[in-house]
Each structure stands twice: as structure tokens, then as C-alpha cells.
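Chains as they are written, first to last, in this note's numbering: chain A, 1 to 347; chain B, 348 to 556; chain C, 557 to 875.
Below is one structure, written out as C-alpha cells; comments come after it.
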Ligand code: FES
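Below is the structure:
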């Protein structure tokens, strides 16, 4: 990663977040066609093309430092956005190891990890942090292991225990979510946790997903993309704070939609964890305004068409009811009706 | 946002006796006594007779009382079964405290049967969870009031006995009650009803009777 | 399964009982092997002269020591299979390939008590699990049954640390494990785990059931070595090829040898991963797995090719 960290960018109040042209071009557009419906779109999380968001296990981009600051702000007000049930301690260490090893391996300029038996030394350049600790001994870290490491990572993390032929959501750090609550969903099975998702249950999406995930293997992570939309580049659209961000939805009109409405894409990665046999679900959020999106003509046409044809149940679930029309109106001038090439590439 | 039809809403099925168990714990509140008596009747037909502990709420000062069935008759019916050790309570808290003690001394092979309003089932399940009772050891039948326990996602307060689609929380917000249910909290999610357009509230209706 | 494998080198071999050899493996690239949880197994790929063996073995070494993995291999009576390869062919310094560990026999993290029951070589997964249990606060007991003192492999591994937690039962001394006594009076939230000979597993399952234990609290693992049997032929409908299954190789092995991949995790009839649909059958399926329900067996629509065979004039699989 050669990008310079945009350390002062904000995701609340004055919303100074924006994407550089390079960040726009690497944006993970989730629409390979001009229409969208659920599918079990799980693929192996293998290294993608150089510079792409899937080049490495965990993508670190120009928003890294700012996103970590944003997480600190959320946690200062709402410590319960991190939670872990007592039996998840070994899974917490597994996550810490996975994230530290990946970052140190993939971004050696910014992160380093050295180990002598259980004595580990971690350094995080962008956040200017150094830590010596004993792996497995939580007393040697300033915070619980999952809390500690996910404050230094972009995206949310949910850790699921596997038992009774099911996965149970029992630890997590969730501050950049699309309207779901870790506090409320703790202890739920994978299916209960996804209970509020319409249509997909009836389509058998979760039955197939769970079967797949129960057999997820060590060293063979998988990923998928999911999406929704958000007004303003706000990472924390939690139900807890809905009173703060709910009114945003009513503020969109055809004139300001280009700047206010953001496509919100989640790069979801799933890893089997070695010591705990748990599964960690990483949910990394990427935001892009319609105006930024429209700098890529193909994407403007495609998103315009996807929004126009979107199933009503999904419009409601994704919370687009109040501002889908203005968003479509804003994008319309960019859609001359010409065909789009298949796939998600910018050209 | 999905309000109804959410898949985390528990599905309850009518109680039936589980002959694979060795010991049986029956918990009931109000009209929940009736399904438990049905279990006892089924059990009588199977030999050998198993040891049964019944903990039943017949009278209390909270609204659950309103759903109480014919007290004396059901109590007599329980007493008529010799293998039943019956204790009667008049409030949920002391019934659950007694269940906790009972579970502490219970053995593998125990089956738990719970019958009553969902809020009662939820609280009993919280304790069952502490004892690592799994799905195959627990049966529950919902009967009586459909009133809900509602967890405010904004202030974490719990409002009991909610019978309407929207409810005013201690934090003064109007909450919309969703079907999303947490076993850990034994409550449904309440989320601010007029966040997007202040004052724009759905009509209040009694939906959980 | 297209899992990448890890190349390991055998660094020590020890005969620990008349029938069991103990192997220590390290990564040929040096450094640590992947972390794992107690109860995990690895698939060891052995390239014999005539054929490839792929056998599952539980990891018995400590999950906290990843410089090496340790496995124990019991010599099987039948003349086929990887156990003879490991007992008679390989030497220190030889290289083998292994797949990443998979855990189908993990401890329940919310249990309030664990009871581990081992028979003979079945001690292996528990040795790794004890490392985790020792550090935790949940009470546990190990009941270990063997033929005689000389068959008590790994007793020294347990050492004195476990003295109060371990009960030994030596067959030749007439000390037998009383399953009824053990399972009759356990507190709520207890989980029982058994690994050992088929008879022992069945006894534990049956006894637990008779005392009302629900399935979710009873855990067992037994890797069936693929049984030998008569030769038969099978047609793979999607690949459009016929495969001849020889007596001393499994259906899965023969399908793989023909170049067709079937997903698997355990190769022992446990995980259900190799589940294959039977499209046509004129004859009888010989099920040896622990996965299919009685009902699924009778319908004859499914087979687990890692351990099961057929006695059939015609068998067509959806592969
Ligand atoms: S591979 Fe596990 S059952 Fe066949």
C-alpha cells in the first residue's frame, strides 16, 4: 500500500471523508450485472490482483488511521460495542494472531511482529503503537485481545463458536455496521442473527451458507460482497444511534443525492480459527458517494439500473425507501441506455 | 426494516412428554399449568414412572396473574400425581430462584418443560442456558398473554408487558416493537419509531394480547 | 479435497506399545506448524509403491507446542492400509505430506463438566485436549481403559499432573469401566466424549441414552479404516467413466485414482463431507459410515465413499 493515510478525515459531524481517484478505481463494486438479487456468492479468499481490495487477507487503505480514530470515538461513548462471552477467550487470541500475522506479512513497511516462543512484540507504525506481551496471557495486554487488535483494524469482526451443528455469535467488535446490533445479537445462532434479512431465508441462502461454514477449513478462508446504502459517509449506522442518523434519510433530494448518498459495500471474509475451532467473520465497509461513483461511467449506468429494478423487500430492508427515488433521479443523466460490459471492472 | 416475519422469533410447539428423559422439571405460569398437566397425563401412560419436579405460578401481583387459570382445580390435579413434587409460587422471581436451586442439584437426563407467556419462557431459558441445557433438553409452549418484554436498543432499558405495536420507553422515545428476539436478553428489540421523521408515528394498536 | 498440503519430516519414531508407534513430525521448511485445537486430526498422505494412502490420525501433541506434531499409529490387522506403511516402511528423515488439521471432535466450550473415555489408541485426541482442560476451570475426568500395563501408551505423558483426574482400567486385571455408574449421576451440563473401539463407543452411547442423556451431550470419534471387501464396478455419471474398485482399496481411493475429486474431511465415515448421491443401483450398498441415518441407508440414495462399498451388478454415482 503506497497511499498516504488521510489522518484527519471524519465519518461524523462535518463528514470530511472522501475517496482519492485511486481509491475510487479500486472500489469493490458488488454488481456484476445490471440487476441484483441474493445468491450464495461465496468464493475462496485468495489473493486478488495487485492493488485490489482482496490483494491481502485484510485490506489496509488510505482511510486506515481515520477509521481507527472513528472506532475509538464510538467505543469511548459505547463500550458495549465490543463484547466477548467468557468461553471465547481462545478465539480472541486466535483473531489477534490472524490479524497481526497478516498485517505484518502483507504491509511490512507499516506493521511488524516478532515472536520468541510466547513473547511477542508488535508494532503499528501508522498508529504509532508498540506492545510487548505474552501470547495467551491477557494480563499482559492493556485490553482483551480481540478488543486490542480490532482497534487497530478496519472493519467489524464477529467471532462465532461452533457447536450443536451451528455457529453462535459470541464475541465481536462492531462499530461500522449497517443497522444491526452486536449487543442485541450476542448469543444468537448465525440464522437468528440474520433473522431480519428478508427473502434470503426463503431462498435457502442461509441453510446453504451455514452448511458451508460449518465445514470451513483452516487455511482456506472465503469471502463475499454485500451492500447497502447510507446517507453521508457515516460508518456508525448502528441501531443504537439510529436517532442520530435516521433523520439523514429524510434530507436527500435529487439535487444533493450525489453528495449525500453513498453506496456502502461490505467485503466479508470468513476464517476458521485454529485454537478455538471458532469462525471469525470480518465485515469491512467501503463507502463511495454517487458523485465519486459517477466518475466511472460504466458504474454510474449500472448502479442506476440496479436501483431502478431493486426488489421492494430489499428496498425496505436496506432502508432506501425515503431516498431511492432522488438517488435514481441524480444518476439518470449518467445513463444513456448504452450497454455495460459484464463484470465489475471500471471499463 | 423488517418488523414482522423475522426468523429469530422463537417457534414454540405444544408440549409433549419426552420419554427419553429420566427426570423432568415442569415450569408453568398461569394457564401454562394446563399444558403441564397434559404432559403429566401422557407420562402416566409410560412406565417406569419418572421423578418429576413441578414449579407453578398460580397467583401473583404482576400482570401475568391476569392470565392465571382455575387455580384450585389445576393445583389439585398436580397433587393427584404421586411422583410429582409440587411447589406453588405467587411471583416469577421466586419461582425462577427456586428453579435455579433445583437445576444446581439436577442430573444429566433431565428434561425441562416450560409453559406460559413468552416473557416467562424467556426468563426460564436464561437460567437453563447457564446450566448448558441444549435444545434437545428443553421444550416450551407459549400460552396466555402474548405481551412482550422489549429491550430499547438506544438506552438498554427493558419494558415489560408490552401489548402494543409501539411503546414509550423510559428514555421517552417511542419504540417500534420488532419480531427480532434475543434469547440472551429474553426480549424483543424496540427501535425508535419516528427517528427519520420526528412525530410521524404509526397508529398505536394492541397487537400482543 | 483440494486442500494444500504441508510437507513434514519424521524426526522420531518410537514403539510405545507392542502395537502402537509414535511419530514426531516437523515442517520441512522449519518454523511452526499451524495451530490447532485439541481433538483435531490430520490426514497423512503416504505415497506407497503401488498406491497412495490417505489416513486420518488425531494430533496428540500439545496445542501449545507447534514446533512439531505428534501422532500415534496402531498397527491394523488387515493387510492393507497406511498403518503398515507407517509401521514397516517409513524411517526417521522421511518426508510425508499432511493436510491442515480439522477438528470434528472439539470440546464443548460451555460444558460445566467434561468426562473423557478412552479405549486403547483412542487416548490420542484426549492427550491434546487435556492440555487445554488443564488451563481451564471446568472440572474434567479421564477414564482410560487398556488391555494391560504394557498397552498403556502415553501414561507417562499424563504424568503426575493428572493423577487425580485419571482413572486407569487394565483388562488383564479385571478392572472394567462401569459405564452405568459413571453416567448415572452427572450434573446438568456435563458432556461425555468417547474414543476407542466400536464396542466401547456403542456402550457409552447406549448407556448415556438409557440414563436420558440427549445427543448434544454425547460425543464420539472413531475413524473407521476403510474395510476391505469384494471388488465391484461403479459408473460415474457426470465424469462418464467406469471405475473398478479393488478389494483392498476404498471406493473413494479408487475414484481419486481415476482422477475424479470428491470433497472429504475425515476419510473415516464421520464428517459427511464425501456424501454422494446414488443414481442407479442394482444390488446392495454396504454402508460402513457413522453419518447416514438408518432411514437414509434403507432408501439407498446416498453413499459415503470414504468407507462404504457395494455388492452390486450396477452402481451409478452422481460424480
Ligand atoms: S470423508 Fe468424512 S464421511 Fe467421508
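Every residue, glycine too, gets a C-beta built ideally from N, C-alpha and C.
Nearest chain B C-beta to residue i closer than 9 Å, yes or no?
i             : result
residue 181/A : yes
residue 769/C : yes
residue 197/A : yes
residue 345/A : no
residue 148/A : no
residue 144/A : no
residue 772/C : yes
Confirm the yes/no value for this check: CB of residue i, any heavy atom of ligand 1, distance under 8 Å.
i             : result
residue 828/C : yes
residue 823/C : yes
residue 390/B : no
residue 700/C : no
residue 843/C : no
residue 657/C : no
residue 609/C : no
residue 831/C : yes
residue 613/C : no
residue 810/C : no
residue 863/C : yes
Figure out for me which residue from the options has the closest Cα to the Cα of residue i.
i             : options                       : result
residue 350/B : 556/B, 539/B, 545/B and 401/B : 539/B
residue 431/B : 499/B, 472/B, 387/B and 461/B : 387/B
residue 663/C : 711/C, 649/C and 687/C        : 687/C
residue 24/A  : 47/A, 12/A, 14/A and 52/A     : 52/A
residue 392/B : 472/B, 520/B, 366/B and 381/B : 366/B
residue 742/C : 427/B, 363/B, 452/B and 442/B : 452/B
residue 709/C : 817/C, 577/C, 568/C and 641/C : 577/C
residue 284/A : 316/A, 173/A, 138/A and 86/A  : 173/A
residue 62/A  : 232/A, 225/A, 8/A and 129/A   : 8/A
residue 118/A : 239/A, 171/A, 135/A and 129/A : 135/A
Count the other CB atoms, across all protein chains shown, that sit within 10 Å of the CB of residue i; report buried if there are 16 or more and exposed otherwise.
i             : result
residue 68/A  : buried
residue 702/C : buried
residue 368/B : buried
residue 429/B : exposed
residue 707/C : buried
residue 184/A : buried
residue 153/A : buried
residue 242/A : buried
residue 571/C : exposed
residue 518/B : exposed
residue 358/B : exposed
residue 751/C : buried
residue 265/A : buried
Check the Cβ-Cβ distances between residue i and every residue of chain A, and say whether any is below 9 Å.
i             : result
residue 545/B : yes
residue 827/C : yes
residue 779/C : no
residue 391/B : no
residue 620/C : yes
residue 907/C : Only positions 557 to 875 of chain C appear in the structure, and residue 907/C is not among them; the question remains open.
What number of angstroms, rounded off, separates the C-alpha of residue i from the C-alpha of residue j?
i             : j             : result
residue 36/A  : residue 633/C : 58 Å
residue 30/A  : residue 229/A : 12 Å
residue 499/B : residue 163/A : 30 Å
residue 537/B : residue 478/B : 28 Å
residue 654/C : residue 819/C : 16 Å
residue 467/B : residue 548/B : 30 Å
residue 528/C : residue 783/C : Residue numbering for chain C in the displayed model covers 557 to 875; residue 528/C lies beyond these limits and cannot be assessed.
residue 676/C : residue 594/C : 18 Å
residue 325/A : residue 254/A : 8 Å
residue 237/A : residue 79/A  : 16 Å
residue 601/C : residue 212/A : 25 Å
Establish whether the CB of residue i and some CB of chain C are separated by less than 9 Å.
i             : result
residue 369/B : yes
residue 483/B : yes
residue 556/B : no
residue 37/A  : no
residue 218/A : yes
residue 97/A  : yes
residue 471/B : no
The region 653-682 of chain C: positions lying closer than 7 Å to chain D by Cβ:
Absent here is chain D; the protein component of the structure consists of chains A, B and C.
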